[in-house]
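What follows is a single structure, written as structure tokens, with notes after it.
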Amino acid sequence: MPQIQPEAVLLDYDRRHVWHPYTSPTEPLPVYPVVAAHGVYLRLMDGRELIDGMSSWWCAIHGYNHPRLNTSLKEQAEKMAHVMFGGLTHEPAVSLARTLIDITPPNLQKVFFCDSGSVAVEVAMKMALQYQAALKLERRKHFLTIRGGYHGDTLGAMSVCDPVTGMHQLFSGALPVQFFAERPVSTNDEAWREDDIADFQTQLAGHHQEIAAVIMEPVVQGAGGMYFYAPEFLRRVRKLCDEYGVLLILDEIATGFGRTGRMFACEHAGVAPDIMCLGKALTGGYMSFAATLTTERVGEVIGRRDGVFMHGPTFMANPLACAVANASLDLLSEMDISTLIGGLASGLRRGLEPCRALPAVAEVRVLGAIGVVEMKKPVDVAALQREFVERGVWIRPFGRLVYIMPPYIITGAELDYLTSRMVEVIKTL
Ligand SMILES: *Cc1c(COP(=O)(O)O)cnc(C)c1O
Numbered sequence: 137m138p139q140i141q142p143e144a145v146l147l148d149y150d151r152r153h154v155w156h157p158y159t160s161p162t163e164p165l166p167v168y169p170v171v172a173a174h175g176v177y178l179r180l181m182d183g184r185e186l187i188d189g190m191s192s193w194w195c196a197i198h199g200y201n202h203p204r205l206n207t208s209l210k211e212q213a214e215k216m217a218h219v220m221f222g223g224l225t226h227e228p229a230v231s232l233a234r235t236l237i238d239i240t241p242p243n244l245q246k247v248f249f250c251d252s253g254s255v256a257v258e259v260a261m262k263m264a265l266q267y268q269a270a271l272k273l274e275r276r277k278h279f280l281t282i283r284g285g286y287h288g289d290t291l292g293a294m295s296v297c298d299p300v301t302g303m304h305q306l307f308s309g310a311l312p313v314q315f316f317a318e319r320p321v322s323t324n325d326e327a328w329r330e331d332d333i334a335d336f337q338t339q340l341a342g343h344h345q346e347i348a349a350v351i352m353e354p355v356v357q358g359a360g361g362m363y364f365y366a367p368e369f370l371r372r373v374r375k376l377c378d379e380y381g382v383l384l385i386l387d388e389i390a391t392g393f394g395r396t397g398r399m400f401a402c403e404h405a406g407v408a409p410d411i412m413c414l415g416k417a418l419t420g421g422y423m424s425f426a427a428t429l430t431t432e433r434v435g436e437v438i439g440r441r442d443g444v445f446m447h448g449p450t451f452m453a454n455p456l457a458c459a460v461a462n463a464s465l466d467l468l469s470e471m472d473i474s475t476l477i478g479g480l481a482s483g484l485r486r487g488l489e490p491c492r493a494l495p496a497v498a499e500v501r502v503l504g505a506i507g508v509v510e511m512k513k514p515v516d517v518a519a520l521q522r523e524f525v526e527r528g529v530w531i532r533p534f535g536r537l538v539y540i541m542p543p544y545i546i547t548g549a550e551l552d553y554l555t556s557r558m559v560e561v562i563k564t565l
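Numbering (the working numbering), first residue to last: 137 to 565.
Below, the structure is given as structure tokens:
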């Protein structure tokens, strides 16, 4: 019989041998052992239950241990957990492709399934490079993006992350060099100022012959700083890309599947990309999985003269991942996203309002089911985390940001509990 390890033994081994995200190998921040999760609750090894404010980094939109998601996995596991996708296909993949094509902008007609968000971004970048190469525009080997973005941790994806928060100097010489425009200042269309597009326009006009695609997160920049920007910026970017024959990649990995109050954040601008990256909440937070979608045109150009698209992960279109993604999308289709997320947005606005008056707070902003309190100074992550856990909530700050994006199933009372603990802790700073 396996022996249940006491907490201290587990934590000690973890500390000495197991790497956690963005953590020192020698002086890691503390971690909390979790044994189970259900609904919006995480259960720690010592029996405490925490209300989850993070959706496990945007993923667990339906909460944890969801009966319908569990069933889809069990049923699929009994048919086949995995088969190679080279030379084979299966119903879970085809039906997922059909749903994704139905719910994304109508020009997106081709789906590439892959392993994780970062890989979906690599795939998108390679599609753009192969497209331009097939058009004999071989100088178009670079990308243009805006500052403050985050697109993943692999080398190509890192090259288009914000140069400062993405620590480009650490990898200088190893990363492809890309073009960066200033990020827009306007946070909504009412506040739109023409100045916001000027730098982007100058860069594209000056370098379009070297640019394969523009890549951006639509309306919300996530891990690069939790910035919200005016949809008008996206409309202008779309227009400029068309003018210069440059593709537009929208990275909806964090924003997709309802988080901003629309199924996809590009809908706020009424803009369709040439390539779209999906990930994170795609499987309702059950496992790593992602997809890159593109147009008939991009597919057709890449395929000219027997061209093949040069990517094919071992676990491409994994049936378990497809099955749980299908179940998650079924659940989403039963929701009225704008009403549901609108309700969460009001709850977040009301709940975080008291933070505005606090001396340590620089700004409070809410969009959809995302609530951000930006502090004037970077916070002590370990200390704040402990304060939150002691109050029964799971919130993981980074840098100057204390933010939440709870599972959509959170109740009004649970959300009030979460935001009031957040206010209580921030008050002490
Ligand atoms: C998280 C994220 C990624 C990377 O996804 P992984 O699954 O962590 O590789 C890429 N782009 C955006 C916008 C993200 O939020």
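C-beta: ideal position from N, C-alpha, C; glycine also.
Alpha-carbon to alpha-carbon, Met190 and Val373 | Here residue 373 refers to the residue found at position 237 when the sequence shown is read from its first residue. Here residue 190 refers to the residue found at position 54 when the sequence shown is read from its first residue. Val373 and Met190: Cα-Cα distance of roughly 31 Å.
Consult DSSP for Glu274 and reduce its assignment to one of helix, strand or coil.
-> Locating residue 274 in the sequence shown gives position 138, counting from the first residue. Of the three classes helix, strand and coil, the one that applies to Glu274 here is coil, per DSSP.
State the CB to CB distance for the pair Gly175 and Ile545, rounded to an integer number of angstroms; the pair is presumed to be in contact (CB under 8 Å).
-> Residue 175 sits at position 39 when you count from the first residue of the sequence shown. Residue 545 sits at position 409 when you count from the first residue of the sequence shown. At roughly 7 Å, the Cβ-Cβ gap stays under 8 Å, so Gly175 and Ile545 are in contact.
For ligand 1, is there a heavy atom less than 8 Å away from the beta-carbon of Trp530?
-> Taking the sequence shown and counting its residues from 1, the one referred to as residue 530 is at position 394. Answer for Trp530: no, Cβ out of range of ligand 1.
Separation of Arg501 from Leu476, as counted between CA atoms = In the sequence shown, counting from the first residue as 1, residue 476 sits at position 340. In the sequence shown, counting from the first residue as 1, residue 501 sits at position 365. Computed Cα separation, rounded: 19 Å.
Cβ neighbours of Glu499 in the same chain (closer than 7 Å, five flanking residues each side left out) | Locating residue 499 in the sequence shown gives position 363, where the first residue counts as 1. So the list reads Glu510, once near-sequence residues are dropped.
Could you give the residue range of the alpha helix (DSSP H) that holds Met558?
-> Position 422 of the sequence shown, counted from the start, is the residue given in the question as residue 558. Residues Gly548 to Lys563.
For the candidate residues Leu488, Glu227, Leu494 and Lys262, whose alpha-carbon lies nearest to that of Val444?
-> Locating residue 444 in the sequence shown gives position 308, counting from the first residue. For Val444, the nearest C-alpha among the options comes from Lys262.
Any C-beta of chain D sitting closer than 9 Å to the C-beta of Arg557?
-> This model lacks chain D altogether, as it is built from one protein chain only.
Of the listed residues Tyr380, Met352, Cys377 and Val407, nearest to Ala390 (C-alpha basis) | Residue mapping note: residue 390 aligns to position 254 of the sequence shown, counting from 1. Answer by Cα proximity: Met352.
Option in Gln345, Phe336 and Ile385 with minimal Cα separation from Ala293 | Residue 293 sits at position 157 when you count from the first residue of the sequence shown. Considering only alpha carbons, the answer is Ile385.
Can you name the residues that DSSP bridges to Gln332?
-> For the purposes of this step, residue 332 is identified with residue 196 of the sequence shown, where counting begins at 1. For clarity, residue 332 is Asp in the given sequence; the question names Gln instead. Looking at the DSSP assignment, Asp332 forms no beta bridge with any residue, so it has no partner.
Keeping to the same chain, check which residues put their C-beta closer than 8 Å to that of Leu271; ignore five residues upstream and five downstream.
-> Your numbering for residue 271 matches position 135 in the sequence shown. Excluding positions up to five away in sequence, the list reads Val437.
Is it a yes or a no for the segment 206-226 touching the segment 550-562, going by three-plus beta-carbon pairs under 8 Å?
-> no
Give the straight-line distance between the Cα atoms of Asp238 and Ser231, rounded to the nearest whole angstrom.
-> Residue numbering aside, residue 238 sits at position 102 when the sequence shown is read from its first letter. Residue numbering aside, residue 231 sits at position 95 when the sequence shown is read from its first letter. Taking the straight line joining both Cα atoms gives about 11 Å.
Helix or strand or just coil, what does DSSP make of Met263?
-> Along the sequence shown, read from residue 1 onward, the residue named residue 263 stands at position 127. It is helical.
According to the Cβ coordinates, are Thr235 and Asn462 closer than 9 Å?
-> The sequence position of residue 235 within the sequence shown is 99, counting from 1. The sequence position of residue 462 within the sequence shown is 326, counting from 1. For Thr235 and Asn462, yes; Cβs fall inside 9 Å.
Residue range of the alpha helix (DSSP H) that includes Cys458 | Position 322 of the sequence shown holds residue 458. Pro455 to Ser469 is the span of the alpha helix (DSSP H), which, as asked, contains Cys458.
Is the closest heavy atom of ligand 1 to the C-beta of Lys416 under 8 Å?
-> If you number the sequence shown from 1, residue 416 lands on position 280. At least one heavy atom of ligand 1 is nearer than 8 Å to the Cβ of Lys416, so yes.
Neighbour-count burial assignment, Pro203, 16 or more Cβ in a 10 Å radius | As a first step, residue 203 must be located in the sequence shown, where it is residue number 67. Exposed, because fewer than 16 other Cβ atoms sit within 10 Å of the Cβ of Pro203.
For Gly397, does the count of other Cβ atoms within 10 angstroms reach 16, so buried, or fall short, so exposed?
-> Stepping through the sequence shown from its first residue, residue 397 is reached at position 261. Buried: at least 16 other Cβ atoms inside 10 Å.
What do you reckon, is the C-beta of Tyr539 under 8 Å from a heavy atom of ligand 1?
-> Locating residue 539 in the sequence shown gives position 403, where the first residue counts as 1. Checking every heavy atom of ligand 1 against the Cβ of Tyr539, none is found closer than 8 Å.
Check whether the segment 314-324 touches the segment 238-251, counting contact only when three or more Cβ pairs, one atom from each stretch, lie closer than 8 Å.
-> no
Tell me whether Val509 counts as near ligand 1, meaning its Cβ is closer than 8 Å to at least one heavy atom of that ligand.
-> Counting from 1 along the sequence shown, the entry for residue 509 is found at position 373. No - ligand 1 has no heavy atom lying nearer than 8 Å to the Cβ of Val509.
Examine ligand 1 and report whether any of its heavy atoms sits within less than 8 Å of the Cβ of Asp257.
-> Position 121 of the sequence shown holds residue 257. Asp is not the amino acid found at residue 257; the sequence shown has Val there. Yes, since a heavy atom of ligand 1 falls inside the 8 Å radius drawn around the Cβ of Val257.
Take every Cβ of the segment 357-373, pair it with every Cβ of the segment 327-347, and state whether three or more of those distances are shorter than 8 Å.
-> yes
Simplified DSSP assignment, three categories, for Trp194 | Stepping through the sequence shown from its first residue, residue 194 is reached at position 58. Trp194 falls in the helix class under three-state DSSP.
Residue burial classification, His153 (beta-carbon count within 10 angstroms, cutoff 16) | Numbered from 1 along the sequence shown, position 17 holds the residue referred to as residue 153. Classification of His153: exposed, given that the 10 Å Cβ count is below 16.
Going by the CB atoms, is the gap between Gly483 and Leu551 shorter than 9 Å?
-> Counting from one through the sequence shown, the residue named residue 551 turns up at place 415. Counting from one through the sequence shown, the residue named residue 483 turns up at place 347. Yes; because the gap between Cβ atoms is below 9 Å, this pair is in contact.
Select from Gly381, Asp387 and Trp530 the residue whose C-alpha is nearest the C-alpha of Thr555.
-> What you label residue 555 is simply residue 419 of the sequence shown in a count that begins at 1. Answer by Cα proximity: Trp530.
For Arg179 versus Val167, is the C-beta spacing smaller than 9 Å?
-> If you number the sequence shown from 1, residue 179 lands on position 43. If you number the sequence shown from 1, residue 167 lands on position 31. Cβ distance not < 9 Å, so Arg179 and Val167 don't count as in contact.
Who are the near neighbours of Gly448 in its chain, counting only those whose CB is closer than 7 Å to its CB and skipping five residues on each side?
-> Counting from one through the sequence shown, the residue named residue 448 turns up at place 312. Gly222, listed in sequence order.
When the Cβ atoms of the segment 507-526 are set against those of the segment 535-545, are three or more pairs found closer than 8 Å?
-> yes
Alpha carbon of Gly302 to alpha carbon of Pro161, nearest angstrom | Your numbering for residue 302 matches position 166 in the sequence shown. Your numbering for residue 161 matches position 25 in the sequence shown. Each residue's alpha carbon lies about 19 Å from the other.
At a cut-off of 8 Å, is His447 close to ligand 1 when judged by its beta-carbon and the heavy atoms of the ligand?
-> As a first step, residue 447 is located in the sequence shown; it is residue number 311 there, counting from the start. Because no heavy atom of ligand 1 lies under 8 Å away, the Cβ of His447 does not count as near it: no.
Of the residues Thr281, Gly360, Arg283 and Gln266, the one placed nearest Arg275, counting alpha carbons only = In the sequence shown, the residue the question calls residue 275 occupies position 139. It is Gln266.
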